[in-house]
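Those letters in the sequence shown? Residues 52 to 347, by the working numbering.
Beta carbons: idealized from backbone N, C-alpha and C, even for Gly.
Note that the structure is predicted; figures quoted are calculated from it, not measured.
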Amino acid sequence: MMEPKKRPERWAFFQRMNAADQRSYGEVFNSFHELEPDFMEHYTTTLGRRAWLVGPVALASKDVATRGANNGLSRDAGACQQWLDAKPEGSVVYVSFGTLTHFSPPEMRELARGLDLSGKNFVWVVGGADTEESEWMPDGFAELVARGDRGFIIRGWAPQMLILTHPAVGGFVTHCGWNSTLEAVSAGVPMVTWPRYADQFYNEKLVVELLKVGVAVGSTDYASMLETRRAVIGGEVIAKAIGRVMGDGEDAEAIREMAKELGEKARRAVANGGSSYDDVGRLVDELMARRRSVKV
52 MMEPKKRPER
62 WAFFQRMNAA
72 DQRSYGEVFN
82 SFHELEPDFM
92 EHYTTTLGRR
102 AWLVGPVALA
112 SKDVATRGAN
122 NGLSRDAGAC
132 QQWLDAKPEG
142 SVVYVSFGTL
152 THFSPPEMRE
162 LARGLDLSGK
172 NFVWVVGGAD
182 TEESEWMPDG
192 FAELVARGDR
202 GFIIRGWAPQ
212 MLILTHPAVG
222 GFVTHCGWNS
232 TLEAVSAGVP
242 MVTWPRYADQ
252 FYNEKLVVEL
262 LKVGVAVGST
272 DYASMLETRR
282 AVIGGEVIAK
292 AIGRVMGDGE
302 DAEAIREMAK
312 ELGEKARRAV
322 ANGGSSYDDV
332 GRLVDELMAR
342 RRSVKV
């Protein structure tokens, strides 16, 4: 977790943000009641705050192929769909850490080793890599990817919801950013959690300990967006975590079933009559009523 004494500027920012929150009329959250009911109850009842849960917003757009893209699909992203179409159901692990996370060459190398050791098919987004591939690719990994039978690398932006909702995808190695977490939940895909900074460690606790739809890779070292880790997680550890989500054991099966059920709850939440659907209506009604009440 972040230590205030080590990061006073960031801590001051969080304090200002919290003060603004206290002054606001209420908050609109990209979440849904069935995902975190106890926290919603605490926020509205114990703290006495107004809140509307209107998510997952990832399900609001029907165009999952280009959602979030600024300049359309990259060449790699376009070819990824065809590659996934040729893979068995639930056989592919998707790996992405967003656009802001920085990995050192040793971390990249161990992640590559972990994917190889896992024995699973994989799609890995390395759009945020700022080093030459020759600096981090272990021996034989380039050949493994070049063959195209087990691995596919996307260099640049990836259509994340399109990938996560593909039947071939059975796991997601993620930094636990909230948007990525909600997208995995929406797709019913279990997660291997690898938090780096900000709220990601708290999101990991929700995913692993409360919702039980993921397995932690063991990341404990807080690092900001531009910092690398002091401790490098080994490939064997990464492979084991992937196996705990995508393996054949009862525990892995239970995680996958919980993820599937949660995905169904997410889709019901945004459907007509669902909790998020109704919260949007309540929000509009309340704002309209407030607008009328303050007119002179």
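Residue i (DSSP reduced to helix, strand or coil)
i       : result
Val-321 : helix
Met-188 : coil
Met-340 : Contrary to the premise, residue 340 reads as Ala rather than Met in this sequence. The answer is helix: DSSP assigns Ala-340 an H, G or I state.
Gly-294 : helix
Leu-98  : coil
Val-347 : With a pLDDT of 44 at Val-347, under the threshold of 50, the modelled position of that residue is not reliable, and the figure given next carries that caveat. The answer is coil: DSSP assigns Val-347 none of H, G, I, E or B.
Glu-87  : coil
Asp-272 : coil
Phe-252 : helix
Between the CA atoms of residue j and residue i - distance to the nearest angstrom
i       : j       : result
Arg-100 : Leu-162 : 42 Å
Met-242 : Ala-197 : 26 Å
Gly-286 : Asp-329 : 45 Å
Arg-61  : Val-224 : 27 Å
Thr-232 : Ala-320 : 16 Å
Met-159 : Met-188 : 8 Å
Ser-155 : Val-268 : 17 Å
Ala-130 : Ala-238 : 21 Å
Asn-230 : Tyr-273 : 19 Å
Gly-228 : Asp-250 : 7 Å
Leu-260 : His-226 : First, the amino acid is wrong: residue 260 is Glu here, not Leu. One C-alpha to the other measures close to 16 Å.
Phe-192 : Asp-127 : 18 Å
Opposing strand residues paired with residue i [DSSP bridges]
i       : result
Tyr-145 : Val-174, Phe-223
Met-68  : Its beta-bridge partners do not exist; DSSP assigns none.
Gly-265 : Met-242
Gly-202 : Phe-173
Leu-104 : Phe-80
Local Cβ density within 10 Å of residue i, reported as buried at 16 or more and exposed below that
i       : result
Lys-57  : exposed
Ser-344 : exposed
Tyr-253 : exposed
Gly-332 : exposed
Val-347 : Residue placement at Val-347 is flagged as unreliable, the pLDDT there being 44, under the threshold of 50; the coordinate-derived value follows with that caveat. With fewer than 16 other Cβ atoms within 10 Å, it is exposed.
Met-339 : exposed
Gly-324 : exposed
Checklist entry - Looking at C-beta atoms only, is the number of pairs between the region 296-305 and the region 63-81 that lie closer than 8 Å three or more? => result no
Checklist entry - Is the number of C-beta pairs between the region 140-148 and the region 256-265 that are closer than 8 Å three or more? => result no
Checklist entry - Would the region 229-248 and the region 189-209 be scored as touching if the rule is three or more Cβ pairs under 8 Å? => result no
Item to check | Stretch-stretch touch, CB-based, cutoff 8 Å, three pairs: the region 75-87 with the region 308-316 | outcome: yes
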